[in-house]
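If you read the sequence shown in the working numbering, its first letter stands for residue 2, the second for the next number, and so on.
Quick reminder that beta carbons are idealized off the backbone N, C-alpha and C, glycines included.
Below: one structure, written as structure tokens.
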Amino acid sequence: MRYWATIIFLTLSLSGFAQKKKANVKSQSVGTVRKGELKNGVRLPYKSGNFSYFSPFSYGVLRRAYVNSKVYRTVIEAYQICEKTCPNQKFRVMECSRKHGGKMKPHRTHQNGTSVDFMTPLKKKDKQFRFYDHLGIWHYLMAFDKSGRMKGTRKVKIDYETMAKHIIALDDASKKEGLRIKKVIFKIELQAGLFKTKYGKELKRRGIYFVRALPKIIDNLHDEHYHVDFEEVGKVVANH
Ligand SMILES: [Zn+2]
């Protein structure tokens, strides 16, 4: 019994130590999200508090959960804010960047540790719906109609209010790190549904930039997840 207690204690202390260490790391994002690299990237935890990463394969084999240290702290802090604004809600992070950045197919961006995909929260009869959270990388293939209902299972729909609260939390958390949300990519025909909600209106008020023109193939992919790019405040970087 004491043996196990010691092992558990050591594991927890080590993971606590690892988290603390990550909190002090300084990463460097080089180039752009389309052509860039990541130096000293940090990997988001697979599971912590109210969130987890969406695919063990993407996390452990493809190793795509790395971000810039400032983005790391922003993502973690935002979920802590969500503990209060969306109690009992479970969130999932999807693909980020590789350890040293660079090309990461099929994404056209995600190259320098400043891009993060977030799983769109769903609900069914006003209750959080997480059945499809376990699809792993196949989750990217899910599709929704323009009213935000899942194709084939119309009772399941996008929880725009929770999604907006999460993006507001990201906006607040990013400021503490000297970052800001550079842009959000979310299917254009679904944006009206998001901005109609109480917290969606707050997104508008804050002027958080949602991309309004996208190639069809990219637009169609961004319904079951939304993509967020962060940038340093005051840093002017070419978009391409
Ligand atoms: Zn993305």
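Would you tell me roughly how many angstroms separate the C-alpha atoms of residue i and residue j, rounded to the nearest one?
i	j	result
Tyr-60	Tyr-47	7 Å
Thr-126	His-167	One point to set straight first is that residue 126 is Lys, not Thr, in the sequence displayed. For Lys-126 and His-167, the distance between alpha carbons rounds to 21 Å.
Phe-52	Ala-214	30 Å
Tyr-133	Pro-122	11 Å
His-101	Asn-41	8 Å
Ile-219	Leu-136	21 Å
Leu-13	Arg-155	Note that Leu-13 scores 45 on pLDDT, short of 50, meaning its location in the model is unreliable and no value can be drawn from it.
Ile-77	Leu-39	19 Å
Ala-165	Cys-87	11 Å
Arg-74	Tyr-210	21 Å
Val-185	Asp-118	10 Å
Leu-222	Val-212	14 Å
Asn-25	Ile-169	25 Å
Val-229	Phe-130	23 Å
Met-105	Leu-204	29 Å
Ile-8	Leu-191	Residue placement at Ile-8 is poorly supported in this model, since its pLDDT is 49, which falls under 50; the coordinates still yield a value, given next. Between Ile-8 and Leu-191, the C-alpha separation is close to 48 Å.
Glu-233	Met-95	22 Å
Gly-103	Thr-198	37 Å
Arg-207	Tyr-200	11 Å
Lys-177	Val-68	17 Å
His-108	Arg-150	25 Å
Lys-128	Phe-92	14 Å
Leu-63	Gly-153	30 Å
Measuring CB to CB, does residue i end up less than 7 Å from residue j?
i	j	result
Asn-113	Gly-179	no
Ile-182	Asp-172	yes
Asp-146	Lys-188	no
Tyr-227	Leu-195	no
Phe-55	Met-120	yes
Val-34	Thr-110	yes
Thr-115	Val-157	no
Leu-45	Ala-79	no
Gln-81	Thr-163	no
Am I right that residue i and residue j are in contact with their C-beta atoms under 8 Å? What's the rounded C-beta distance?
i	j	result
Phe-231	Ser-175	6 Å
Ser-70	Ser-98	Their Cβ separation, rounded to whole angstroms, is 12 Å, which puts Ser-70 and Ser-98 out of contact at 8 Å.
Gly-37	Glu-84	Incorrect: roughly 32 Å between the Cβ atoms, too far for contact.
Phe-58	Ile-159	Not really, about 25 Å apart at Cβ, beyond 8 Å.
Can residue i be considered in contact with ligand 3, in the sense that its beta carbon sits closer than 6 Å to one or more heavy atoms?
i	result
Lys-176	With respect to ligand 3, the structure offers nothing, as its ligand set consists of ligand 1.
Residues with C-beta closer than 6 Å to any heavy atom of ligand 1, in chain order: His-108, His-111, Ser-116, Asp-118, His-228
Mind listing, in chain order, the continuous beta strand (DSSP E) runs of no fewer than 3 residues lying wholly within the segment 81-144? 92-94, 116-120, 123-125
List, from N- to C-terminal side, the beta strand (DSSP E) runs of 3 residues or more that fit wholly inside the segment 152-234. 154-159, 180-186, 226-233
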